[in-house]
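Presented below is the structure to which this report refers.
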Amino acid sequence: MQDSFWQKLPQPFFILAPMEAVTDIIFRHVVAEAGSPDIWFSEFTNATGWTHAGQKAIGGRLVKSIDEDPIVAQIWGGNPNDMQNLASYCRELGFYGIDINMGCPAKSAIKSGGAALIRNPELAIESIKAAKAANLPVSVKTRLGYSNISEYKNWISTLLKQDIVNLTVHLRTKKEMSKVPAHFELIDEIVKLRNEISPQTLLTINGDIKNRAHGEEIVKNHPGVNGIMIGRGIFTDPFCFRNNPKNTEKTQNDLVNLLRIHLGLFDQWQPQTGRPFETLKRFFKIYIKGFDGAKEARELLMQCKSTDEARKIIDSL
Ligand SMILES: Cc1cc2nc3c(=O)[nH]c(=O)nc-3n(C[C@H](O)[C@H](O)[C@H](O)COP(=O)(O)O)c2cc1C
């Protein structure tokens, strides 16, 4: 395994989970203002789409800036040649690593890739080999199995035999979607597999982890876990990566200020992401909550058509 930024990370390290239509360059910079993780991931980007339709297929998903250090491109697909193409392009763009999504349960994804790879280990192995040809460190993000939890023994073992730099396990099966609590009870078993099969592969745990303190507690209770990935926790608390738990008790003003920052970053980066103002609306509930009149303010924000209109509303709060 080649040496890379992964080996130089503090432990435990924290990752902002890749989330489609959420963790683009704009929102990642909001999180950087609120409290940074140690690694950034792009939204997942389809390799076959890129190979056949180029930029048009990937939109703003791979837009990044130099201060996002280190940032990993997450790719997905069902064709190893296409994976190699996209991984090479990500290297040209300056990404620090490639992560392959082998866990997305969406119908559109499992036609060829995402969680479908759990049922097609040969293709998963070929995809890892192909991505490695781009000469960047390759990691995988997956689930415990497709339908049954017990699948994890074979599936996780197969992945650990591929000499990947990091394995992120979302502690649910594809079938479970996000409808049941994450299976924290399996962490020690997974650590054991990693220690037996590939001690050099870093292990990152994902699913229902709320914030840095919660992640640190998990690592303390399950020695051997190297990293923690947080997804939806960022919606409940955009300051969730902050070091000092006291700092995460934020006031209404702190949250509204973060929305102000978000609007500014949207203006700055929108020409490159190409995403319309409407896409901002899903974020308002992160910032405008927990005070009398919050619901009404959100309703007004939802009617806005520009960042200037939105700014006027938050100025009046
Ligand atoms: C809106 C949304 C979009 C997501 N998009 C991706 C994605 O592009 N790639 C990926 O690997 N997982 C994606 N996920 C899954 C998350 O990365 C994560 O595995 C999942 O939410 C469980 O972690 P959490 O409980 O910390 O949120 C997405 C999840 C959400 C809620």
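Counting in this note's numbering, the sequence shown runs from 709 upward without gaps.
The beta-carbon is built from N, C-alpha and C at its ideal position, and this holds for glycine as well.
{"Check": "Please name the residue, chosen from V780, R799, E800 and V899, that lies closest to N809 on a Cα-to-Cα basis.", "Outcome": "V780"}
{"Check": "Please return the same chain residues whose Cβ sits closer than 7 Å to the Cβ of L971, not counting the five positions on each side in sequence.", "Outcome": "T1015, A1018 and R1019"}
{"Check": "Pull up the DSSP beta-bridge partners for D807, would you.", "Outcome": "Q782 and S847"}
{"Check": "Exposed or buried, A729, counting other C-beta atoms within 10 Å across all chains shown (16 or more means buried)?", "Outcome": "exposed"}
{"Check": "Enumerate, from N- to C-terminal direction, the unbroken alpha helix (DSSP H) stretches of 4 or more residues contained entirely within the segment 718-760.", "Outcome": "733-742"}
{"Check": "Using a beta-carbon distance below 8 Å, is A839 in contact with chain D?", "Outcome": "Reference to chain D is not applicable here, since this structure consists of a single protein chain."}
{"Check": "Whole angstroms is fine: what's the gap from P984's alpha carbon to R990's?", "Outcome": "12 Å"}
{"Check": "For I734, I'd like the list of residues in its chain whose CB is within less than 6 Å of its CB, leaving aside the five on either flank, ordered along the chain.", "Outcome": "L973, F974 and W977"}
{"Check": "Answer yes or no: the CB of M885 versus the heavy atoms of ligand 1, is any distance below 7 Å?", "Outcome": "no"}
{"Check": "On the criterion of 16 or more Cβ atoms from any shown chain inside 10 Å, does M885 qualify as buried, or is it exposed?", "Outcome": "exposed"}
{"Check": "Pick out the complete beta strand (DSSP E) segments inside the segment 899-926, 3 residues or longer, and give them in chain order.", "Outcome": "910-914"}
{"Check": "Could you tell me the alpha carbon to alpha carbon distance between I826 and A832, rounded to whole angstroms?", "Outcome": "7 Å"}
{"Check": "Return the chain-ordered list of same chain residues with a C-beta closer than 7 Å to the C-beta of A742, the five sequence neighbours on each side being excluded.", "Outcome": "P946, F947 and L966"}
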